[in-house]
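Enquirer: Numbering of the sequence shown is given in our numbering, commencing with residue 17 and proceeding in unit increments. By construction, the Cβ of each residue, glycine as well, lies at the ideal position given by its N, Cα and C atoms.
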Amino acid sequence: MINIDCLTPTPSLIFLGASSIAMLAFADVYVLINYLAFAESSVITCAVAGLIRLRLQDARSKKKETESDNLESNENIIQFPLFVPVIFFLICLYILFVPLLIQPTELIVAIGIIASGIPFYFLFVRWHCKPQLFYRPWIEMTRSAQKLLLCVTDETALST
Numbered sequence: 017m018i019n020i021d022c023l024t025p026t027p028s029l030i031f032l033g034a035s036s037i038a039m040l041a042f043a044d045v046y047v048l049i050n051y052l053a054f055a056e057s058s059v060i061t062c063a064v065a066g067l068i069r070l071r072l073q074d075a076r077s078k079k080k081e082t083e084s085d086n087l088e089s090n091e092n093i094i095q096f097p098l099f100v101p102v103i104f105f106l107i108c109l110y111i112l113f114v115p116l117l118i119q120p121t122e123l124i125v126a127i128g129i130i131a132s133g134i135p136f137y138f139l140f141v142r143w144h145c146k147p148q149l150f151y152r153p154w155i156e157m158t159r160s161a162q163k164l165l166l167c168v169t170d171e172t173a174l175s176t
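#1: Would you check if the distance between the CB atom of Val64 and the CB atom of Pro101 is smaller than 8 Å?
#2: Can you give the beta carbon distance from Asp21 to Leu166, rounded, assuming they're within the 8 Å contact cut?
#3: Please state if the CB of Val125 and the CB of Tyr51 are separated by a distance shorter than 8 Å.
#4: Considering only residues of the same chain and omitting the five flanking positions on each side of Leu112, which have a CB-CB separation below 8 Å?
#5: What's the C-alpha gap between Arg152 and Tyr110?
#6: Reducing DSSP to helix, strand and coil, say where Cys167 ends up.
#7: Do you know how far the Cα of Val114 is from the Cα of Thr169?
#8: Assign Ile49 to one of three DSSP states: helix, strand, or coil.
#9: Does Ile20 come out as helix, strand or coil in the three-state DSSP assignment?
#10: What residues in its chain sit with their C-beta under 7 Å from that of Asn86, if we drop five residues either side in the sequence?
#11: Using DSSP with H/G/I as helix, E/B as strand and the rest coil, what is Trp143?
#12: Could you check what DSSP says for Ala126 in three-state terms: helix, strand or coil?
#13: Under 8 Å by Cβ, that's how I've got Leu116 and Leu123 pegged, so tell me the actual separation to the nearest angstrom.
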């Protein structure tokens with residue numbers, strides 16, 4: 017939802033601010049930083065692995081296109097040698113797995129926190145034939161937030 021006056025995602029900003037204030041309630045902030053750093057480095061590692069995979073698939077498809085002489089010019093693409101993302105991926109793996117050897121208990125808790133989102137994904141995103149019991153409170157909460165924060169849903173979300 018986007019605020020109609022400021023064109024900002026006000027509900028998500030309020031949620032982010034409230035969750036940040038709640039995180040300050042922890043006695044040891046460094047433990048929280050370790051949890052979040054592990055989660056962030058795992059996301060970055062997966063993204064870089066996906067980019068390398070896409071790059072390799074793109075190289076294979078360009079070979080096929082070159083053979084058939086249907087190659088289009090891509091002038092706006094910045095290309096790096098493949099070893100640059102591979103080295104970055106190896107550094108990300110190092111950042112991800114070395115703390116598992118040094119502080120395994122904290123990172124197992126971080127993995128548990130990340131894994132706790134899986135049931136919510138399957139319950140609220142993946143499951144398409146939900147009963148009305150799930151929809152009614154969500155619709156009421158959305159309407160209340162729209163009225164309170166002067167927000168509307170994103171037009172691109174409506175078109176999909």
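Expert: Answer, in terms of the structure:
#1: Yes, these two residues count as a Cβ contact at 8 Å.
#2: Going by Cβ atoms, the distance from Asp21 to Leu166 rounds to 6 Å, so yes, they are a contact pair.
#3: The answer is yes: Cβ separation under 8 Å.
#4: Excluding sequence neighbours, Leu112 sits near Phe54, Ser57, Ser58, Thr61.
#5: The alpha-carbon separation between Arg152 and Tyr110 amounts to approximately 46 Å.
#6: Three-state DSSP puts Cys167 in a strand.
#7: The alpha-carbon atoms of Thr169 and Val114 are separated by roughly 43 Å.
#8: In this structure, Ile49 counts as helix in the three-state DSSP scheme.
#9: The three-state reading of DSSP puts Ile20 in coil, since its state is none of H, G, I, E or B.
#10: Only weak support is given to the placement of Asn86: the predicted model assigns it a pLDDT of 48, under 50, and the value that follows is read from those uncertain coordinates. The answer is none, since no qualifying residue turns up.
#11: In this structure, Trp143 counts as coil in the three-state DSSP scheme.
#12: The answer is helix: DSSP assigns Ala126 an H, G or I state.
#13: The distance from the Cβ of Leu116 to that of Leu123 is about 5 Å, consistent with a contact at the 8 Å cut-off.
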